[in-house]
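Q: Read top to bottom, the protein sequences are chains A and B. Count along the first sequence starting at 1, add 411, and that's the number in the numbering used here. Count along the second sequence starting at 1, add 411, and that's the number in the numbering used here. This is the structure, below, for whatever I ask next.
Number of protein chains: 2
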Amino acid sequence: MRKLKYAILGLINRKPMTGYDLTAEFDKALGSFWHAKHSQIYPELKKLTEENLITYETVIHGEKLEKKVYTITEKGKQELKNWILRDEPLEPTPKDVFKLRAYFIELMNKEEIILQFSRQLAKRQKKLEILKSAMEELLKTKDISNVISEEFGDYIVLKGAIMREQTYIDWLKECLDIVAKSSE
Amino acid sequence: MRKLKYAILGLINRKPMTGYDLTAEFDKALGSFWHAKHSQIYPELKKLTEENLITYETVIHGEKLEKKVYTITEKGKQELKNWILRDEPLEPTPKDVFKLRAYFIELMNKEEIILQFSRQLAKRQKKLEILKSAMEELLKTKDISNVISEEFGDYIVLKGAIMREQTYIDWLKECLDIVAKSSE
DNA sequence: TACACCATGTAAGGTGTTACATGATTTG
DNA sequence: CAAATCATGTAACACCTTACATGGTGTA
Numbered sequence: 412m413r414k415l416k417y418a419i420l421g422l423i424n425r426k427p428m429t430g431y432d433l434t435a436e437f438d439k440a441l442g443s444f445w446h447a448k449h450s451q452i453y454p455e456l457k458k459l460t461e462e463n464l465i466t467y468e469t470v471i472h473g474e475k476l477e478k479k480v481y482t483i484t485e486k487g488k489q490e491l492k493n494w495i496l497r498d499e500p501l502e503p504t505p506k507d508v509f510k511l512r513a514y515f516i517e518l519m520n521k522e523e524i525i526l527q528f529s530r531q532l533a534k535r536q537k538k539l540e541i542l543k544s545a546m547e548e549l550l551k552t553k554d555i556s557n558v559i560s561e562e563f564g565d566y567i568v569l570k571g572a573i574m575r576e577q578t579y580i581d582w583l584k585e586c587l588d589i590v591a592k593s594s595e
Numbered sequence: 412m413r414k415l416k417y418a419i420l421g422l423i424n425r426k427p428m429t430g431y432d433l434t435a436e437f438d439k440a441l442g443s444f445w446h447a448k449h450s451q452i453y454p455e456l457k458k459l460t461e462e463n464l465i466t467y468e469t470v471i472h473g474e475k476l477e478k479k480v481y482t483i484t485e486k487g488k489q490e491l492k493n494w495i496l497r498d499e500p501l502e503p504t505p506k507d508v509f510k511l512r513a514y515f516i517e518l519m520n521k522e523e524i525i526l527q528f529s530r531q532l533a534k535r536q537k538k539l540e541i542l543k544s545a546m547e548e549l550l551k552t553k554d555i556s557n558v559i560s561e562e563f564g565d566y567i568v569l570k571g572a573i574m575r576e577q578t579y580i581d582w583l584k585e586c587l588d589i590v591a592k593s594s595e
């Protein structure tokens, strides 16, 4: 599977970058559906280099600071193109710790349920606001009219993230509503 | 964090079960937000037993087949209750391989995009139908009027899963719509 | 009597997190 | 000049999957 491999190849294909840049990308745009720490990224870059899917050039920044700027190879592009067209079975549903707690709702009393759901709601609303700001920024600065473009890719995943968070919020509100109205 | 620990404690708290039963539960109801293989469950059961959070009784089924039926202890109940009330920061967004592909949309042509999104749509629609059938069954056989009950827990997580899948489908349709209408 | 299902476990390896470790550059 | 950020790496450990390994029970 090696999914991190393709996440990295895809990003480096967009434009050459360092391991540090990749880490930052995973914290920004991709953060709404993928993430990885630098401790996982650096070894993977080493592996991809050994497999001749990427190459690097050492660039000196300032006096001494060495950066490794990675570029995708033809072989890397081929593998990436091949992966993107693959038809794979649906992944198992992602794990959700809050829903695990919600499932065992019988362990809480009414007040405790309302407290837990309200706290989750506040966190999700905050997250949704951040995503919405990112979307506003994207629409202001980028042209998404061409569907075969990086910008359109950025747009659809952000759109998906906003829709997902909004639905999670709707679900939380619905649960809260039922609980609040119950006589228990 | 040992989340599997609490998933198992919660299930055994509902009623005593074997490792095999737990595995089956993770494939059914909980499947919409949690899962684990038996190879992970058996070692965890051993660990929880050593920690005195659960105990087991060996039951002979038929002539020789030995089953270990696990029961939660008072200590286990306390830990579970304590965990369920905890306030933890939002988990990082779950990884989504399809969205990773969608993000790198610039690597596909219009036909390929439509093919990939249509295939995903078909799989998600099938999954949604299964979830809806499960909900129909649940509403027919269980009483969810008491919010402090296992049945209500079953209901809300299933409801959440249906909403999540419906939104994913809406997103896929919206993407397909934009792509289909594009002149590219 | 074969096949599906019940039942429990271990081993090897891949994936991911936290912590350890070090040093340079930029900005207030 | 201190703090934030840039930059790269390794080690230990936790988590999770795939495959290996074994045997019993129910049913068509």
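Each residue gets a CB set at the ideal place from its N, CA and C atoms; glycine is no exception. Here the structure is a predicted model, which means the values were calculated and not measured.
Rounded to a whole number of angstroms, what is the C-alpha to C-alpha distance between lysine 584 of chain B and asparagine 493 of chain A?
A: Stepping through the second sequence from its first residue, residue 584 of chain B is reached at position 173. Stepping through the first sequence from its first residue, residue 493 of chain A is reached at position 82. Cα to Cα, lysine 584 of chain B sits roughly 24 angstroms from asparagine 493 of chain A.
Q: Whose C-alpha, out of A:Lys486, A:Lys537, A:Lys592 and A:Ile555, is nearest the C-alpha of isoleucine 573 of chain A?
A: The residue given as residue 573 of chain A occupies position 162 in the first sequence. Answer by Cα proximity: A:Lys537.
Q: How about isoleucine 465 of chain A and isoleucine 423 of chain A: are their beta carbons less than 8 angstroms apart?
A: Here residue 465 of chain A refers to the residue found at position 54 of the first sequence. Here residue 423 of chain A refers to the residue found at position 12 of the first sequence. Yes, these two residues count as a Cβ contact at 8 angstroms.
Q: Examine the Cβ distances between the stretch 492–508 of chain A and the stretch 500–511 of chain B and report whether three or more of them are shorter than 8 angstroms.
A: Touching, yes, given that three or more Cβ pairs across the two stretches are closer than 8 angstroms.
Q: Between which residues of its own chain and aspartate 498 of chain B is the CB-CB distance below 7 angstroms, once the five residues before and five after are set aside?
A: Counting from one through the second sequence, the residue named residue 498 of chain B turns up at place 87. So the list is empty, once near-sequence residues are dropped.
Q: Please name the residue in B:Arg575, B:Phe563 and B:Gln577 whose C-alpha comes closest to that of leucine 587 of chain A.
A: In the first sequence, counting from the first residue as 1, residue 587 of chain A sits at position 176. The shortest C-alpha separation from leucine 587 of chain A is found at B:Phe563.
Q: Are the CB atoms of tyrosine 481 of chain B and methionine 601 of chain B within a distance shorter than 8 angstroms?
A: For residue 601 of chain B there is no data in the structure shown, the boundaries of chain B being 412 and 595.
Q: Listed from N- to C-terminal order along the chain, which residues in the stretch 510–529 of chain B have their beta-carbon within a distance smaller than 9 angstroms of any beta-carbon of chain A?
A: If the cut-off is 9 angstroms between Cβ atoms, the stretch 510–529 of chain B has Lys510, Leu511, Arg512, Ala513, Tyr514, Phe515, Ile516, Glu517, Leu518, Met519, Asn520, Lys521, Glu523, Ile524, Leu526 and Gln527 near chain A.
Q: Spell out the partners DSSP gives isoleucine 465 of chain B in its beta bridges.
A: Looking up residue 465 of chain B in the second sequence gives position 54. In the DSSP output, where bridge partners are listed per residue, isoleucine 465 of chain B has B:Ile483.
Q: What are the boundary residues of the alpha helix (DSSP H) that valine 558 of chain A is part of?
A: Here residue 558 of chain A refers to the residue found at position 147 of the first sequence. It is not in any alpha helix (DSSP H) - valine 558 of chain A carries neither H nor E in the DSSP assignment.
Q: Just to confirm the assignment, what range does the alpha helix (DSSP H) spanning threonine 434 of chain B have?
A: Stepping through the second sequence from its first residue, residue 434 of chain B is reached at position 23. From DSSP, the alpha helix (DSSP H) with threonine 434 of chain B extends over 430–438.
Q: What residues from the stretch 497–508 of chain A come within 9 angstroms of chain B, judged by C-beta to C-beta, listed N to C?
A: Under the 9 angstroms Cβ criterion, the stretch 497–508 of chain A contributes Arg497, Asp498, Glu499, Pro500, Leu501, Glu502, Pro503, Thr504, Pro505, Lys506, Asp507 and Val508.
Q: For glutamate 502 of chain B, which of helix, strand or coil comes out of DSSP?
A: Along the second sequence, read from residue 1 onward, the residue named residue 502 of chain B stands at position 91. The answer is coil: DSSP assigns glutamate 502 of chain B none of H, G, I, E or B.
Q: Does any C-beta atom of chain A lie closer than 8 angstroms to the C-beta of arginine 413 of chain B?
A: Your numbering for residue 413 of chain B matches position 2 in the second sequence. Not one chain A Cβ lies under 8 angstroms of arginine 413 of chain B.
Q: Which full runs of the alpha helix (DSSP H) of 4+ residues lie inside the stretch 538–594 of chain A, going along the chain?
A: Within the stretch 538–594 of chain A, the complete alpha helix (DSSP H) runs of at least 4 residues are 561–592.
Q: Using a cut-off of 8 angstroms between C-beta atoms, extract the partners of leucine 459 of chain B located in chain A.
A: Numbered from its first residue, the second sequence carries residue 459 of chain B at position 48. Chain A residues near leucine 459 of chain B: none, gap ~16 angstroms exceeds 8 angstroms.
Q: With a cut-off of 8 angstroms on the beta carbons, I'd call isoleucine 495 of chain A and leucine 518 of chain B a contact; round off their distance for me.
A: Here the question's residue 495 of chain A lines up with position 84 in the first sequence. Here the question's residue 518 of chain B lines up with position 107 in the second sequence. Their Cβ separation, rounded to whole angstroms, is 5 angstroms, which keeps isoleucine 495 of chain A and leucine 518 of chain B in contact under 8 angstroms.
Q: Are the beta-carbon atoms belonging to leucine 539 of chain A and tyrosine 566 of chain A less than 8 angstroms from one another?
A: Translated into the one-based positions of the first sequence, residue 539 of chain A becomes position 128. Translated into the one-based positions of the first sequence, residue 566 of chain A becomes position 155. No, Cβ-Cβ distance for leucine 539 of chain A and tyrosine 566 of chain A is not below 8 angstroms.
Q: Just by C-beta distance, which residues in the stretch 462–484 of chain A are closer than 8 angstroms to chain B?
A: Those would be none; no residue qualifies.
Q: Could you check what DSSP says for leucine 459 of chain B in three-state terms: helix, strand or coil?
A: Position 48 of the second sequence, counted from the first residue, corresponds to residue 459 of chain B. Correct three-state label for leucine 459 of chain B: helix.
Q: Taking only beta-carbon positions, decide if serine 443 of chain B is within less than 8 angstroms of chain A.
A: Here residue 443 of chain B corresponds to residue number 32 of the second sequence, with the count starting at 1. It does: the Cβ of serine 443 of chain B has a partner Cβ on chain A nearer than 8 angstroms.
Q: Asparagine 424 of chain A lies in the alpha helix (DSSP H); which residues open and close that run?
A: Against the first sequence, residue 424 of chain A aligns to sequence position 13. Note, asparagine 424 of chain A: alpha helix (DSSP H), 414–425.
Q: Please return the same chain residues whose Cβ sits closer than 6 angstroms to the Cβ of glycine 487 of chain B, not counting the five positions on each side in sequence.
A: Taking the second sequence and counting its residues from 1, one reaches residue 487 of chain B at position 76. Only Leu420, Leu464 and Ile465 meet the Cβ criterion.
Q: For serine 594 of chain B, which of A:Trp582, A:Lys534 and A:Asn557 has the nearest alpha-carbon?
A: The residue labelled residue 594 of chain B in the question sits at position 183 within the second sequence. Selected option, being the one with the closest Cα: A:Asn557.
Q: Just checking: is the beta-carbon of threonine 578 of chain B within a distance shorter than 8 angstroms of some beta-carbon in chain A?
A: Residue 578 of chain B sits at position 167 when you count from the first residue of the second sequence. Yes, its Cβ sits closer than 8 angstroms to a Cβ of chain A.
Q: Less than 8 angstroms between the beta carbons of glutamate 477 of chain B and isoleucine 483 of chain B, yes or no?
A: Numbered from its first residue, the second sequence carries residue 477 of chain B at position 66. Numbered from its first residue, the second sequence carries residue 483 of chain B at position 72. No, they are not a contact pair.
Q: Which stretch, first to last residue, makes up the alpha helix (DSSP H) that contains phenylalanine 509 of chain B?
A: By 1-based counting over the second sequence, the position of residue 509 of chain B is 98. Segment 508–514, the alpha helix (DSSP H) holding phenylalanine 509 of chain B.
Q: May I ask you to list, following chain order, the residues of the stretch 558–571 of chain B that have a beta carbon less than 8 angstroms from some beta carbon of chain A?
A: Taking 8 angstroms as the Cβ-Cβ cut-off against chain A, the residues of the stretch 558–571 of chain B that qualify are Val558, Ile559, Ser560, Glu561, Phe563, Gly564, Asp565, Ile567, Val568, Lys570 and Gly571.
Q: Applying a beta-carbon distance threshold of less than 7 angstroms, which residues of chain A neighbour serine 593 of chain B?
A: Against the second sequence, residue 593 of chain B aligns to sequence position 182. What serine 593 of chain B touches in chain A: Val558.
Q: Are the C-beta atoms of tyrosine 417 of chain B and some chain A residue less than 8 angstroms apart?
A: By 1-based counting over the second sequence, the position of residue 417 of chain B is 6. Answer yes: the Cβ-Cβ gap between tyrosine 417 of chain B and chain A drops below 8 angstroms somewhere.
Q: Alpha carbon to alpha carbon, what distance is there between histidine 446 of chain B and lysine 416 of chain B?
A: For the purposes of this step, residue 416 of chain B is identified with residue 5 of the second sequence, where counting begins at 1. For the purposes of this step, residue 446 of chain B is identified with residue 35 of the second sequence, where counting begins at 1. If I take the Cα positions, the gap works out to 12 angstroms.
Q: Which of the three DSSP states is assigned to glutamate 477 of chain B in this structure?
A: Residue numbering aside, residue 477 of chain B sits at position 66 when the second sequence is read from its first letter. Glutamate 477 of chain B: strand per DSSP, three-state reduction.
Q: For lysine 370 of chain B and arginine 575 of chain B, what's the separation of their Cα atoms in angstroms?
A: Limits of chain B in this structure are 412 at one end and 595 at the other, which puts residue 370 of chain B out of reach.
Q: Is the distance from the Cβ of leucine 569 of chain B to the Cβ of alanine 545 of chain B below 8 angstroms?
A: By 1-based counting over the second sequence, the position of residue 569 of chain B is 158. By 1-based counting over the second sequence, the position of residue 545 of chain B is 134. Yes, the Cβ-Cβ distance between leucine 569 of chain B and alanine 545 of chain B is below 8 angstroms.
Q: Taking 8 angstroms as the threshold (beta carbon to beta carbon), is lysine 426 of chain B in contact with chain A?
A: Here residue 426 of chain B corresponds to residue number 15 of the second sequence, with the count starting at 1. Taking Cβ atoms only, chain A never reaches closer than 8 angstroms to lysine 426 of chain B, which makes this a no.
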